[in-house]
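**Student:** Residue numbers (my numbering), protein chains in the order written: chain A, 1 to 113; chain B, 1001 to 1114.
This is the structure I want to talk about, given as structure tokens.
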Amino acid sequence: GAGVSQSPRYKVAKRGQDVALRCDPISGHVSLFWYQQALGQGPEFLTYFQNEAQLDKSGLPSDRFFAERPEGSVSTLKIQRTQQEDSAVYLCASSPATEEKLFFGSGTQLSVL
Amino acid sequence: AQSVTQLDSQVPVFEEAPVELRCNYSSSVSVYLFWYVQYPNQGLQLLLKYLSGSTLVKGINGFEAEFNKSQTSFHLRKPSVHISDTAEYFCAVSGSGGYQKVTFGTGTKLQVIP
């Protein structure tokens, strides 16, 4: 595709529900990042993949958060037993190399009620 | 670890006036520096980046930034703003070399007043 695609664009979940957020990076991009952006804040790093390898998951806030990229392209961020504090925009970004700019998707806005 | 401080959460400026958005970073290693812009209802996009070389970096839409190592700053400037520059601007930093996660500041909302 022309850019990074994220789905769904909006997700409303009841507290305790599991959610899965999808990211389709630009074809051929090796690096893939997930960020969490709370209202009025800058993006906060969650995790990083190089191809299918998850090289850094230091930003995942708890063991309820899990990310995968099994074939080195599409990535899924899963949040189990969602809590209200998980409400945020989840951004995915890809890059052809680590020094290159990040190409961001439009994000998934998650609201946990 | 690196961190970024954007002291100004909002900057109002009249159209055609100059603007400077401030960014200071903290790092114990060499860094790469970035400015990203987020227009309403759009994803973040890169304005400019500093990797090495000339400390004055020119980006898209007439923006430029200057890397000042002694002051650990990377302020963004534009000599004459347009209404279309109204957006949120994020400064970001990463360590240099190999994989390094990109850390973002809290953002500065630029409001251009007609």
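C-beta atoms are modelled at their ideal positions from N, C-alpha and C, and glycine is treated no differently.
Model, not experiment: these values are computed from the prediction.
1) With which residues is B/Pro1012 paired in a DSSP beta bridge?
2) Which complete alpha helix (DSSP H) runs does the segment 1025 to 1079 of chain B hold, if anything under 4 residues is left out?
3) B/Gln1002 to B/Ser1094, Cα distance in whole Å?
4) From the beta carbon of A/Glu52, is the nearest beta carbon of chain B less than 9 Å away?
5) When you compare only the Cα positions, how much space is there between B/Val1057 and A/Gly16?
6) Give me the residue from B/Val1102, B/Phe1090, B/Ser1096 and B/Pro1012 with the minimum Cα distance to B/Leu1044.
7) According to DSSP, A/Ile79 sits in a beta bridge with which residue or residues?
8) Going along chain A in order, which residues have a C-beta closer than 7 Å to the C-beta of B/Gly1043?
9) If we ignore side chains and look at the alpha-carbon of each, how far apart do A/Gln6 and B/Lys1078 end up?
10) Using a Cβ-Cβ cut-off of less than 7 Å, list which residues of the segment 1084 to 1106 of chain B approach chain A; keep chain order.
11) First and last residue of the beta strand (DSSP E) that includes A/Lys11?
12) Return the residue from the list B/Asn1041, B/Ile1113, B/Ser1030 and B/Val1019 that minimises the CA-CA distance to B/Ser1070.
13) The beta strand (DSSP E) with B/Val1081 in it runs from where to where?
14) Give me the subset of the segment 1028 to 1054 of chain B whose CB atoms are less than 9 Å from a CB atom of chain A, sorted by chain position.
**Tutor:** Concretely, from the data shown:
1) B/Gln1111
2) none
3) 7 Å
4) no
5) Going by the C-alpha atoms only, they are around 47 Å apart.
6) Measuring C-alpha to C-alpha distances from B/Leu1044 to each of B/Val1102, B/Phe1090, B/Ser1096 and B/Pro1012 identifies B/Phe1090 as the nearest.
7) A/Val19 and A/Phe65
8) Phe104, Gly105, Ser106 and Gly107
9) 32 Å
10) Residues passing the 7 Å Cβ filter: Phe1090, Gly1098, Tyr1099, Gln1100, Lys1101, Val1102, Thr1103, Phe1104, Gly1105 and Thr1106.
11) A/Lys11 -> beta strand (DSSP E) spans Tyr10 to Ala13.
12) B/Ser1030
13) Per DSSP, B/Val1081 belongs to no beta strand (DSSP E) and is neither H nor E.
14) Tyr1032, Phe1034, Tyr1036, Gln1038, Asn1041, Gln1042, Gly1043, Leu1044, Gln1045, Leu1046, Lys1049 and Leu1051
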